[in-house]
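Under our numbering, the first residue of the sequence shown is numbered 8, with each subsequent residue one higher.
Here the structure comes first, spelled out in C-alpha coordinates, and everything after it is commentary.
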Amino acid sequence: MHRREVHPGRWAVLEFDPQRRFRCVEECTWCCHHGVMLYERDVFELADHDDLSAATEQIGGQSFVEREPKDRETHVAEDGCACRYLRDDGLCTLQLSGETDWKPVRCRVFPLAVERDGEVLRVSLREEAEDHCEGLDVGDPIDDHLADLLPAALWDLDDPDTHRELDL
(Lines of atoms letter the chains of each structure in order from A; the text may use other names.)
(Lines give C-alpha, C1' and ligand atoms only; values in the text may rest on other atoms or scores of the structure.)
Protein backbone atom coordinates (compact mmCIF):
# COMPACT_ATOMS: atom_id res chain seq x y z
CA MET A 8 0.00 0.00 0.00
CA HIS A 9 1.16 3.48 -0.85
CA ARG A 10 -0.08 6.62 0.93
CA ARG A 11 -0.21 9.77 -1.21
CA GLU A 12 -1.27 13.35 -0.64
CA VAL A 13 -3.26 13.83 -3.83
CA HIS A 14 -4.46 17.37 -3.15
CA PRO A 15 -3.41 19.61 -0.23
CA GLY A 16 -4.62 17.87 2.94
CA ARG A 17 -6.40 15.13 0.95
CA TRP A 18 -4.85 11.69 1.22
CA ALA A 19 -5.35 8.42 -0.59
CA VAL A 20 -4.04 4.93 0.08
CA LEU A 21 -3.22 3.22 -3.20
CA GLU A 22 -3.70 -0.53 -3.10
CA PHE A 23 -1.77 -1.07 -6.33
CA ASP A 24 1.66 -0.22 -7.69
CA PRO A 25 1.51 3.55 -8.38
CA GLN A 26 4.02 3.05 -11.18
CA ARG A 27 1.37 1.11 -13.08
CA ARG A 28 0.63 3.06 -16.22
CA PHE A 29 -2.67 4.37 -17.57
CA ARG A 30 -3.83 6.66 -20.34
CA CYS A 31 -7.35 6.82 -21.68
CA VAL A 32 -7.22 5.64 -25.29
CA GLU A 33 -9.87 6.69 -27.81
CA GLU A 34 -10.16 3.30 -29.42
CA CYS A 35 -11.24 1.65 -26.13
CA THR A 36 -14.46 3.29 -24.82
CA TRP A 37 -15.16 0.25 -22.62
CA CYS A 38 -16.06 2.42 -19.62
CA CYS A 39 -18.62 4.28 -21.77
CA HIS A 40 -20.63 1.12 -22.36
CA HIS A 41 -21.91 1.12 -18.78
CA GLY A 42 -24.27 3.47 -17.02
CA VAL A 43 -22.36 6.39 -15.53
CA MET A 44 -23.50 7.05 -11.98
CA LEU A 45 -23.77 10.75 -11.21
CA TYR A 46 -22.94 12.26 -7.86
CA GLU A 47 -25.06 15.23 -6.81
CA ARG A 48 -22.54 17.82 -8.00
CA ASP A 49 -22.36 16.03 -11.39
CA VAL A 50 -26.10 16.45 -11.82
CA PHE A 51 -25.74 20.22 -11.41
CA GLU A 52 -22.82 20.34 -13.85
CA LEU A 53 -24.65 18.19 -16.39
CA ALA A 54 -27.63 20.54 -16.20
CA ASP A 55 -25.34 23.20 -17.73
CA HIS A 56 -24.81 20.93 -20.76
CA ASP A 57 -28.09 19.12 -21.37
CA ASP A 58 -31.73 18.63 -20.39
CA LEU A 59 -31.58 16.40 -17.31
CA SER A 60 -34.95 14.79 -17.95
CA ALA A 61 -33.68 13.54 -21.33
CA ALA A 62 -30.09 12.80 -20.29
CA THR A 63 -30.53 10.90 -17.03
CA GLU A 64 -32.43 7.99 -15.59
CA GLN A 65 -33.06 6.95 -12.01
CA ILE A 66 -31.98 3.49 -10.88
CA GLY A 67 -32.38 2.58 -7.24
CA GLY A 68 -32.72 6.23 -6.25
CA GLN A 69 -29.42 7.15 -7.94
CA SER A 70 -29.02 9.29 -11.09
CA PHE A 71 -27.27 7.79 -14.10
CA VAL A 72 -26.42 9.13 -17.55
CA GLU A 73 -28.80 7.36 -19.85
CA ARG A 74 -27.46 4.60 -22.08
CA GLU A 75 -29.01 4.44 -25.50
CA PRO A 76 -29.02 2.07 -28.45
CA LYS A 77 -26.41 3.00 -31.04
CA ASP A 78 -26.72 2.12 -34.71
CA ARG A 79 -23.13 0.90 -35.13
CA GLU A 80 -20.91 -2.05 -34.38
CA THR A 81 -18.01 -0.28 -32.65
CA HIS A 82 -17.92 1.62 -29.37
CA VAL A 83 -20.94 -0.23 -27.97
CA ALA A 84 -21.61 -2.89 -25.36
CA GLU A 85 -22.81 -6.37 -26.28
CA ASP A 86 -26.41 -5.10 -26.14
CA GLY A 87 -25.63 -2.39 -28.74
CA CYS A 88 -25.91 0.45 -26.19
CA ALA A 89 -23.50 3.03 -24.85
CA CYS A 90 -23.51 6.34 -23.00
CA ARG A 91 -25.68 8.87 -24.78
CA TYR A 92 -22.68 11.23 -25.02
CA LEU A 93 -20.41 8.74 -26.79
CA ARG A 94 -20.12 9.75 -30.45
CA ASP A 95 -19.68 7.36 -33.36
CA ASP A 96 -15.94 8.09 -33.42
CA GLY A 97 -15.55 7.06 -29.77
CA LEU A 98 -15.15 10.58 -28.40
CA CYS A 99 -17.27 12.15 -25.65
CA THR A 100 -19.42 15.14 -26.57
CA LEU A 101 -19.24 16.42 -22.97
CA GLN A 102 -15.47 16.67 -23.13
CA LEU A 103 -15.58 18.18 -26.61
CA SER A 104 -18.09 20.91 -25.76
CA GLY A 105 -15.34 23.52 -26.08
CA GLU A 106 -16.32 25.27 -22.85
CA THR A 107 -14.49 23.00 -20.43
CA ASP A 108 -13.01 19.55 -20.25
CA TRP A 109 -15.68 18.63 -17.70
CA LYS A 110 -16.77 15.06 -17.34
CA PRO A 111 -18.60 13.28 -14.52
CA VAL A 112 -16.47 12.25 -11.54
CA ARG A 113 -17.08 8.54 -12.24
CA CYS A 114 -15.72 8.98 -15.77
CA ARG A 115 -12.64 10.76 -14.45
CA VAL A 116 -11.92 8.10 -11.84
CA PHE A 117 -12.13 5.11 -14.16
CA PRO A 118 -10.27 2.61 -14.08
CA LEU A 119 -9.89 3.16 -10.34
CA ALA A 120 -12.23 2.04 -7.58
CA VAL A 121 -12.63 4.34 -4.58
CA GLU A 122 -13.97 3.87 -1.08
CA ARG A 123 -13.85 6.09 2.00
CA ASP A 124 -11.82 5.06 5.04
CA GLY A 125 -12.41 7.93 7.45
CA GLU A 126 -10.84 11.04 5.90
CA VAL A 127 -8.67 8.96 3.58
CA LEU A 128 -9.75 7.41 0.28
CA ARG A 129 -8.73 3.82 -0.43
CA VAL A 130 -8.04 3.40 -4.12
CA SER A 131 -7.64 0.17 -6.07
CA LEU A 132 -7.74 -0.85 -9.71
CA ARG A 133 -11.15 -2.10 -10.82
CA GLU A 134 -11.05 -5.82 -11.32
CA GLU A 135 -13.02 -5.57 -14.57
CA ALA A 136 -10.66 -2.89 -15.86
CA GLU A 137 -7.84 -5.42 -15.75
CA ASP A 138 -9.75 -7.48 -18.32
CA HIS A 139 -11.27 -4.77 -20.51
CA CYS A 140 -9.52 -1.40 -20.20
CA GLU A 141 -7.09 -0.96 -23.10
CA GLY A 142 -5.56 2.09 -21.42
CA LEU A 143 -3.98 0.11 -18.59
CA ASP A 144 -0.25 -0.27 -19.02
CA VAL A 145 -0.22 2.54 -21.61
CA GLY A 146 1.14 6.04 -21.05
CA ASP A 147 2.63 7.49 -17.88
CA PRO A 148 2.58 6.03 -14.37
CA ILE A 149 -0.72 6.57 -12.59
CA ASP A 150 1.21 8.34 -9.83
CA ASP A 151 2.12 11.10 -12.33
CA HIS A 152 -1.52 12.09 -12.92
CA LEU A 153 -3.25 10.92 -9.76
CA ALA A 154 -4.72 14.39 -9.09
CA ASP A 155 -6.49 14.30 -12.48
CA LEU A 156 -7.86 10.80 -11.89
CA LEU A 157 -8.98 11.61 -8.34
CA PRO A 158 -10.58 15.08 -8.37
CA ALA A 159 -10.63 16.94 -5.06
CA ALA A 160 -14.44 16.76 -5.19
CA LEU A 161 -14.26 13.08 -4.18
CA TRP A 162 -13.18 13.99 -0.65
CA ASP A 163 -16.17 16.35 -0.34
CA LEU A 164 -18.74 13.70 -1.19
CA ASP A 165 -20.69 12.02 1.60
CA ASP A 166 -20.28 8.67 -0.15
CA PRO A 167 -17.60 8.54 -2.85
CA ASP A 168 -17.63 4.73 -2.98
CA THR A 169 -17.64 3.44 -6.53
CA HIS A 170 -18.71 -0.08 -5.57
CA ARG A 171 -22.28 0.62 -4.50
CA GLU A 172 -25.08 -1.83 -4.15
CA LEU A 173 -28.10 -0.41 -5.89
CA ASP A 174 -31.57 -0.97 -4.47
CA LEU A 175 -33.27 -2.11 -7.65
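We put the beta carbon where it would ideally sit given N, CA and C, even for glycine.
Of the residues assessed, phenylalanine 29 falls on the buried side of the cut-off, its CB having 16 or more other CB atoms within 10 angstroms. In this structure, DSSP gives histidine 9 an extended state, which the three-state scheme calls strand. Distance check between alanine 120 and each of His41, Arg17, Ala136 and Glu64 places Ala136 closest, using alpha-carbon atoms only.
Beta-bridge analysis with DSSP links serine 70 to Gln65. Scanning the stretch 12-63 from its first residue to its last, the whole beta strand (DSSP E) runs of 3-plus residues come out as 17-21. In this model, aspartate 78 and aspartate 150 are separated by some 38 Å (Cα to Cα). Under DSSP, proline 148 forms a beta bridge with Arg28. Non-local C-beta neighbours of valine 116 in its own chain, meaning closer than 7 Å and more than five positions away in sequence, comprise Leu156, Leu157 and Thr169, ordered along the chain.
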